[in-house]
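In the working numbering, the protein residues as written are 21 to 107.
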């Protein structure tokens with residue numbers, strides 16, 4: 021899994037592709053998307069991506085840090101599976 025840490029990001033993001041390739045996450049994402057509204061996210065490139073607001077809780081662990089954090093699923097560049105922001 022490839023992770024990008026962006027101190028300027030206002031939230032944590034997971035790519036739609038990485039969620040879709042993990043069957044357990046994909047099922048959770050489908051359930052989570054029920055009843056949510058559509059939102060738009062501005063990417064670092066300046067482009068605006070419309071998406072359904074799907075928030076998944078994911079376990080994030082590295083070194084001494086171990087926490088469950090919310091991630092918004094976005095259809096974006098798949099160079100990174102996750103983008104860790106500063107929510």
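Cβ coordinates follow ideal geometry from the N, Cα and C atoms, glycine included.
| Which partner residues does residue 64 have in the DSSP bridge list? | DSSP lists no partner for residue 64.
| query | For residue 81, which three-state DSSP category applies? | reply | strand
| query | Name the DSSP beta bridge partners of residue 72, please? | reply | 58
| message | Let me confirm a value: residue 88 is counted as buried when at least 16 other C-beta atoms fall within 10 Å, else exposed. Which label applies? | response | exposed
| said: Please classify residue 22 as buried or exposed, where buried requires at least 16 other C-beta atoms within 10 Å of its C-beta. | reply: exposed
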